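Enquirer: Residue numbers (UniProt numbering), protein chains in the order written: chain A, 1 to 507; chain B, 1 to 502.
We put the CB at the ideal spot given by N, CA and C, even for glycine.
As the structure is a computational prediction, the values presented were derived from the model and not from experiment.
Below is the structure I would like to discuss, written out as structure tokens.
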């Protein structure tokens, strides 16, 4: 277990650290199980903090022995990741909107999926340290972030009904490739390749520009979901406090495709086009030419051709198109798309309404490229969404942030996996041998060492040795911007707040 | 955001009196001079009125609100409502515009009218803030009243009123308007020319419905709303403010307990309003002389309205009903006069697949609870809950798979509804066509009453000719138990003709 060494063990780095599970592990597992089912957790966090200090070895997995998760990300690797790489401090600052712990973090719900697939809801943590400690102890395969409640979620059972209300959460969006299965030809289900990732790229562009330009949101964090999708977290104070009906309004504003795959034409929009749609069309036009027509060659199969013809308005034009395409079955989609206009121009169809055809073509572009959001996720404040930077248990990839300005450069297939990252730390440590070798075994010296690695002005953190660094740096600068505005907003609130105390006798 | 605090003071101009000193300062109230006919009721009244005025004004306003609610409840069109309400308003709660008097707003008559409107509103707030249900109904009726008056208002006065509200609406300058003219046209449906309208920039949260339908232009968090959406925005503002203050009032209400002059009046008022909706009172559904027992339900079912007949048929078909179906049906049966013992017997016999143990452990308690035989003190004293009215049944908007409660007119697809009607013997093409039409217009009461009138047409004709039943006895049915009672009486009259001396 080369990596499973608590990174905060610097204060006792002289201690002889056992590199094998200690004898006390069985007991620990017992305690942990109890904790897991103990809903009250009254003496949390004090007792747990104690546990951690008493432990001479890092917390073992709940089952007592390492069990492999589906993709071979075993519990040790998971633990090492949390210990050495997971940016707890930044995650805390992000959710806390400041450095001093507040209710924004303290009353925030976390939901942990444990290694045995148990699902622990309503976890909350007063500080970043306690958060980190509990995550290390539980070693969840992933965890999700819920809303900030009016009271501490851990106290929910002591409160009378209706007293714990969600009061704020980031406005979130979820794009998932499975919703695109009927229009992508390259992959199905959980698989992705560069060709179909393009759909996510264009979705990010469209949604991002709408949120910024139309709704005036500025702090939008896009996160790769680890396999085949992306999440957006809109973190502006104004977005966080939106009630559910306003969230539904935004989801409705952004939703253009309605109905399922069986309901025929899914885009039915009013003319003239709303500016949001006009802008989206401008963004999507080129993507349609590249992705739908070229890369996916969507209209190659007979079935898809029929679907396309079903979306075109003019019967006689459709007839001539069908004849033409049946004559040359290998005709690529790009040519087929061009044929529509070419044949229309010849004036063969007397009934042809050119503006109807133009509208239909616009609708088709939208139907094949416009973002397919999982709207339910956005509509409810209490919806839980997977935290950034956790590991996708299936792929082992980290849920890293995506820079929307460089959305096109983002390649999901090169996102680092947890195994690669741990390897990079070892490689780095091998190349940069510590100045003073400690007494401990060679295996663990790197990690112990790095805490006191005083090379340069400050010690180098583990993530900085890996390809995770640019992502964490991006996250950090995102948070810095958010905090800057948050501080300005707070000052303003404090200046005006005392004047407006609600008078209960005023009806 | 909504500028919530009209009295919010600019931090620089905030009075810097020490709050300790302020505590002993004499309160200075804002003098109400009512420059406008309309009122958003932001400032509570502070002058003194007599106890008689207190009660009389409240009752007058209540009469108007009750009628307004009854109109919406009977699906009257806006024009019908207007015709119905205008004389009542004139009588109980007149409110003239400034132009009605040569002296304008200074006329004492106008002042008195406005004062009465203002005070009565706040008195009723006290009376109706106690429960969630009352608050909701009060807010709805008040909003309708406000809308009605707003639409009737003189357009110049209306503009002056809106300006006085100091809402967070920023007019769009002509330059800006011309710049984005193209966007405005394409974003706003039903608009021909941009310069016809006054445009306002508001926070988009205020017009969330417009945003959801994508029928407003958005830029950087601001929605560009044309002047004609004013009504809906004012209404939203009115409702939002009222709901918020009702919530606050309800929290302050316990302090009123000490006042033994007002509390009885207020309680009396809220009870009166209560009867406007659920027309059902204790004896309403009971039919004298009808032997109602567990075994007679099957034969009585022909008098049940469609919702209950549907439940009954489902019960007989599956020997089971899901929770909400049982609840709706049990309360209805309670309403027609089935005793608790008989009711338990009825369900026991109906649930053929269940053992006694299962029945007693899973179902019996709920039945007894509905009758107020068990449960908390309030439930027992109130003898359980009242039978559901049509409004309550219609309000249930998610009848799930395998559930049979709700109103078939509302919750069934039209084809299934027609199938069900035919199954209960309604074959008349004309009636079915009418039902389809009513349901399409969401006039579910009307559809149900149409079926009632058709299936009792001979009897109705007869009692009308006899003059034994007045028109009031044949008013629109808005409660399943009324349906049963009327149907039962009509049919038994027909069976025994020379009984009608009452």
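Applying the criterion that 16 or more other CB atoms from any shown protein chain within 10 Å of the CB defines a buried residue, is residue 173 of chain B buried or exposed?
Expert: With fewer than 16 Cβ atoms within 10 Å of its Cβ, residue 173 of chain B is classed as exposed.
Enquirer: With H, G and I counted as helix, E and B as strand and the rest as coil, what does DSSP make of residue 96 of chain B?
Expert: Coil at residue 96 of chain B, not helix or strand.
Enquirer: At 4 residues or longer, what runs of the alpha helix (DSSP H) sit wholly inside the segment 106 to 179 of chain A?
Expert: Runs of the alpha helix (DSSP H) inside the segment 106 to 179 of chain A: 128 to 138.
Enquirer: Measuring straight from C-alpha to C-alpha, what distance separates residue 304 of chain B and residue 465 of chain B?
Expert: C-alpha separation (whole angstroms): 25 Å.
Enquirer: Among residues of its own chain, excluding the 5 on either side of residue 380 of chain A, which ones have a beta-carbon nearer than 8 Å to its beta-carbon?
Expert: These residues qualify, in order along the chain: 244, 247.
Enquirer: Please list, in chain order, the residues of the segment 185 to 213 of chain B that have any C-beta partner in chain A closer than 8 Å.
Expert: Against chain A - using a Cβ distance shorter than 8 Å - the residues of the segment 185 to 213 of chain B are 185, 186, 187, 189, 204, 205, 208, 209, 211, 212, 213.
Enquirer: Against chain B, with Cβ distances strictly below 9 Å, would residue 134 of chain A count as a contact?
Expert: No - not a single Cβ of chain B is within 9 Å of the one on residue 134 of chain A.
Enquirer: Can you pull the chain A neighbours of residue 221 of chain B, defined as C-beta to C-beta under 7 Å?
Expert: 215, 216, listed in chain order.
Enquirer: For a contact defined as C-beta to C-beta under 8 Å, what are the partners of residue 183 of chain B on chain A?
Expert: Within 8 Å Cβ-Cβ: 275.
Enquirer: With H, G and I counted as helix, E and B as strand and the rest as coil, what does DSSP make of residue 586 of chain B?
Expert: In the structure as shown, chain B begins at 1 and stops at 502. Residue 586 of chain B is therefore absent and cannot be evaluated.
Enquirer: Return no unless some Cβ of chain B is closer than 9 Å to the Cβ of residue 488 of chain A.
Expert: False, the Cβ-Cβ gap to chain B never drops below 9 Å.
Enquirer: For residue 190 of chain B, which of A:242, A:152, A:274 has the nearest alpha-carbon?
Expert: Selected option, being the one with the closest Cα: A:274.
Enquirer: For residue 406 of chain A, name the three-state secondary structure that DSSP assigns.
Expert: Helix, per DSSP.
Enquirer: The segment 218 to 237 of chain A: which residues have C-beta closer than 8 Å to a C-beta of chain B, in chain order?
Expert: If the cut-off is 8 Å between Cβ atoms, the segment 218 to 237 of chain A has nothing near chain B.
Enquirer: Any C-beta of chain A sitting closer than 9 Å to the C-beta of residue 144 of chain B?
Expert: Judged by the 9 Å Cβ criterion, residue 144 of chain B is not in contact with chain A.
Enquirer: Please list, in chain order, all residues of the same chain as residue 439 of chain A whose beta carbon is under 7 Å from its beta carbon, the five residues on each side excluded.
Expert: Unreliable placement is indicated for residue 439 of chain A, whose pLDDT of 47 sits below 50; no coordinate value is reported for it.
Enquirer: Any beta carbon from chain B within less than 9 Å of residue 511 of chain A's own beta carbon?
Expert: The requested residue 511 of chain A is not part of the displayed model; chain A covers only 1 to 507.
Enquirer: Counting pairs of beta carbons, one from the segment 177 to 185 of chain A and one from the segment 341 to 350 of chain A, are three or more of them closer than 8 Å?
Expert: No, because fewer than three Cβ pairs between the segment 177 to 185 of chain A and the segment 341 to 350 of chain A fall closer than 8 Å, the two stretches do not touch.
Enquirer: Measure how close the beta-carbons of residue 389 of chain B and residue 479 of chain B come, nearest whole angstrom, since I'm counting them as under 8 Å.
Expert: Sure, about 5 Å apart at Cβ, within 8 Å.
Enquirer: Just verifying my parser: in three-state terms, what is the DSSP assignment at residue 218 of chain B?
Expert: Note: residue 218 of chain B maps to strand in three-state DSSP.
Enquirer: Roughly how many whole angstroms lie between the Cα atoms of residue 376 of chain A and residue 327 of chain A?
Expert: Computed Cα separation, rounded: 45 Å.
Enquirer: Within 9 Å (strictly less), CB to CB, does residue 233 of chain B reach chain A?
Expert: So, not an interface residue.
Enquirer: For residue 547 of chain A, report the span of its beta strand (DSSP E) as first-last.
Expert: Because chain A spans 1 through 507 in this model, residue 547 of chain A falls outside it and cannot be assessed.
Enquirer: Kindly give me the distance between the Cβ atoms of residue 222 of chain A and residue 204 of chain A, rounded to whole angstroms, as I take these residues to be in contact under 8 Å.
Expert: That belief holds up - the Cβ atoms of residue 222 of chain A and residue 204 of chain A are roughly 6 Å apart, short of 8 Å.
Enquirer: Label residue 194 of chain A either buried or exposed according to how many other C-beta atoms from any shown protein chain fall within 10 Å of its C-beta, with 16 as the threshold for buried.
Expert: Answer is exposed; the Cβ neighbour count stays below 16.
Enquirer: Any C-beta of chain A sitting closer than 9 Å to the C-beta of residue 215 of chain B?
Expert: Yes, its Cβ sits closer than 9 Å to a Cβ of chain A.
Enquirer: For chain B, is any of its Cβ atoms less than 9 Å away from the one on residue 253 of chain A?
Expert: So, interface residue.
Enquirer: Strictly under 9 Å for the Cβ-Cβ distance: is residue 111 of chain A near chain B by that measure?
Expert: Not closer than 9 Å to any Cβ of chain B, the Cβ of residue 111 of chain A fails to qualify, so no.
Enquirer: Given this structure, state the Cα-to-Cα distance separating residue 342 of chain A from residue 368 of chain A, to the nearest angstrom.
Expert: Each residue's Cα considered, the two are about 21 Å apart.
Enquirer: Are the CB atoms of residue 296 of chain B and residue 125 of chain B within a distance shorter than 9 Å?
Expert: The answer is no: Cβ separation not under 9 Å.
Enquirer: Let me confirm a value: residue 567 of chain A is counted as buried when at least 16 other C-beta atoms fall within 10 Å, else exposed. Which label applies?
Expert: The question about residue 567 of chain A has no answer, for chain A in this structure spans 1 to 507.
Enquirer: So residue 294 of chain B and residue 327 of chain B are in contact, right, with Cβ under 8 Å, and what is the actual spacing, rounded?
Expert: Not quite, the Cβ-Cβ distance comes to about 18 Å (not below 8 Å), so this is no contact.
Enquirer: Relative to the C-alpha of residue 367 of chain B, which residue among B:492, B:342, B:263 is closest?
Expert: Checked all of B:492, B:342, B:263; the closest Cα to residue 367 of chain B is B:342.
Enquirer: Does residue 229 of chain B pass the burial test, meaning 16 or more other C-beta atoms within 10 Å, or should it be called exposed?
Expert: By the neighbour-count rule (16 or more Cβ atoms within 10 Å), residue 229 of chain B is buried.
Enquirer: Give a yes or no on whether 9 Å exceeds the smallest Cβ distance from residue 242 of chain A to chain B.
Expert: Yes, its Cβ sits closer than 9 Å to a Cβ of chain B.
Enquirer: If residue 37 of chain B sits next to residue 153 of chain B, beta carbons under 8 Å apart, how far is it from one beta carbon to the other, in whole angstroms?
Expert: Confirmed, Cβ separation roughly 6 Å.
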